[in-house]
Amino acid sequence: IFIFDSLVFLMFSVLTHFLTLSLYFSDNTLTPPCMMEKIQHSEVEVKGLKLHVAEIGSGSKAVVFLHGFPEIWYTWRHQMIAVANAGYRAIAFDFRGYGLSEQPAEPEKETMFDLVHEIVGLLDALSISKAFLVGKDFGAIPGHLTTAVHPERVAGIITLGIPFMLPGPSAVESHLLLPKGFYITRWREPGRAEADFGRFPVKSVIRNIYILFSRSEVPIAADDQEIMDLFDPSTALPPWFSEEDLATYASLYEKSGFKYALQVPYRSINVDAGLSDVKVTIPSLLIMGEKDYVFKFPGMEDYIRSGAVKNFVPDLEIVYIPEGSHFVHEQMPEKVNQFIIEFLDKQNI
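All residue numbers for the sequence shown refer to full-length UniProt numbering, where the first residue is 1 and numbers rise by one.
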């Protein structure tokens with residue numbers, strides 16, 4: 001059975017890889033096909049689960065990319081190529097329960113700390129003693145937790161779209177200041193998002209979320225609406241996100257579903273990290289798009305722009321990208337790549 005499962009996983013990985021290539025390059029020329037073809041895909045067992053890992057570059061310094069929602073490893077395609085070309089080893093993987101990675105036996109019991117153990121376990125499995133972490137959206141949270149708990153394993157951390165924050169009751173207190181139709185509040189309700197998403201094909205759900213989250217306003221539904229109802233079917237995809245990109249994301253979420261994604265991050269964000277007086281003392285970079293809707297979270301803009309976040313991350317540099325959205329790394333990859341590589345090149349490991 002194990003051999004059969006492994007063969008099925010390998011066949012699916014190969015098919016998905018070539019589907020990605022054939023779809024992606026029809027109208028996106030930023031990343032040359034010859035470079036995408038050099039990305040190696042493998043299955044790595046970590047904490048008893050087989051994870052899908054994408055990798056390119058042979059540099060001695062490793063950069064591990066941590067995706068958000070509704071994303072998978074592919075969201076980092078532009079950054080992986082750029083970082084590899086700059087002499088680094090670029091690694092992006094699907095978190096457990098996402099994309100081609102295996103699902104845990106009891107996803108409803110999972111928390112952010114399971115991803116911390118997964119990140120460290122992946123470093124161990126790949127024989128990497130110390131790495132740079134790059135986390136976007138909720139991927140920033142286990143990235144910061146890993147850095148705080150295992151500082152000896154992290155050379156520097158870059159986050160996009162979300163500043164330093166810990167999971168726990170305080171993480172959801174600010175949500176009470178928003179209308180009850182706030183998307184995170186809705187998605188934390190057991191069964192509600194499942195029913196909402198279930199009305200549409202997976203591809204439509206991904207399309208809707210990408211469009212809604214690309215805006216500068218926080219997605220909030222009226223009392224008689226669900227989050228998916230906020231989407232206008234006549235709205236086109238952002239110019240930097242093609243139908244082919246959408247098909248790639250959809251093919252992977254059709255495999256994994258949304259069960260784990262709703263648990264981690266949304267339904268476990270209130271689980272206390274059990275840490276006190278936490279500080280990230282290693283070199284850090286926060287990249288924010290000026291049009292990122294996260295700025296509209298209560299207190300978030302002041303927390304970032306006033307520099308209050310530096311009380312927790314003293315060695316933090318913050319850069320802003322005009323017109324950048326929550327998906328700024330896909331929207332303006334050349335600018336993001338420049339900031340990432342400049343930061344990496346300044347560090348010594």
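In this text, a Cβ means the ideal position worked out from N, Cα and C, and glycines have one as well.
Inset, instruction - Tell whether a beta-carbon distance below 8 Å holds between N270 and G168. - result: The count along the sequence shown starts at 1 and reaches residue 270 at position 270. The count along the sequence shown starts at 1 and reaches residue 168 at position 168. The answer is yes: Cβ separation under 8 Å.
Inset, instruction - For the stretch 128-152, list the alpha helix (DSSP H) runs that are entirely contained and at least 4 residues long, ordered along the chain. - result: 140-149
Inset, instruction - Using only the heavy atoms of the ligand PLP, determine whether one of them is closer than 7 Å to the beta carbon of L49. - result: Ligands in the displayed structure: none, and consequently the ligand PLP is not present.
Legend entry - Same chain, Cβ closer than 7 Å to S214, neighbours up to 5 away in sequence not counted: By 1-based counting over the sequence shown, the position of residue 214 is 214. P238, S325, H326 and F327.
Inset, instruction - Identify which residue in D315, S284 and N208 has its Cα closest to the Cα of A140. - result: On the sequence shown, position 140 is the one that residue 140 refers to. Minimum Cα distance to A140 is reached at S284.
Inset, instruction - Note down the Cα distance separating F339 from V134, rounded to an integer number of angstroms. - result: Mapped onto the sequence shown, residue 339 falls at position 339. Mapped onto the sequence shown, residue 134 falls at position 134. Distance between the alpha carbons of F339 and V134 is about 12 Å.
Inset, instruction - Output the distance between the C-alpha atoms of P179 and P163, rounded to the nearest integer angstrom. - result: In the sequence shown, residue 179 corresponds to position 179, counting from 1. In the sequence shown, residue 163 corresponds to position 163, counting from 1. Approximately 23 Å, taken between the alpha carbons.
Legend entry - Between the CA atoms of I209 and S216 - distance to the nearest angstrom: Sequence index remark: in the sequence shown, residue 216 carries index 216 (1-based). Sequence index remark: in the sequence shown, residue 209 carries index 209 (1-based). Rounded to whole angstroms, the separation of the alpha carbons of I209 and S216 is 13 Å.
Inset, instruction - Report the three-state DSSP secondary structure of K259 (helix, strand or coil). - result: Translated into the one-based positions of the sequence shown, residue 259 becomes position 259. Looking at K259 - three-state DSSP - the assignment turns out to be helix.
Legend entry - Minimum length 4: unbroken alpha helix (DSSP H) runs contained in the stretch 40-93: 77-85
Inset, instruction - Give the secondary structure of V294 by DSSP, where H, G and I count as helix, E and B as strand, and everything else as coil. - result: Residue 294 sits at position 294 when you count from the first residue of the sequence shown. Of the three classes helix, strand and coil, the one that applies to V294 here is helix, per DSSP.
Inset, instruction - Go through its chain and collect everything with a Cβ distance to F197's Cβ below 8 Å, but skip five positions before and after it. - result: Numbered from its first residue, the sequence shown carries residue 197 at position 197. Counting only Cβ-Cβ distances below 8 Å, and skipping sequence neighbours, we find V205, M228 and F258.
Inset, instruction - Measure the C-alpha to C-alpha separation of V264 and E106 and round it to an integer number of angstroms. - result: In the sequence shown, the residue the question calls residue 264 occupies position 264. In the sequence shown, the residue the question calls residue 106 occupies position 106. Inter-residue distance for V264 and E106 is about 12 Å (C-alpha atoms, whole angstroms).
Legend entry - Limits of the beta strand (DSSP E) - the one that T320 falls within: The residue given as residue 320 occupies position 320 in the sequence shown. The residue you asked about is not Thr; residue 320 is Tyr in the sequence shown. Where Y320 is concerned, the enclosing beta strand (DSSP E) stretches over L316 to I321.
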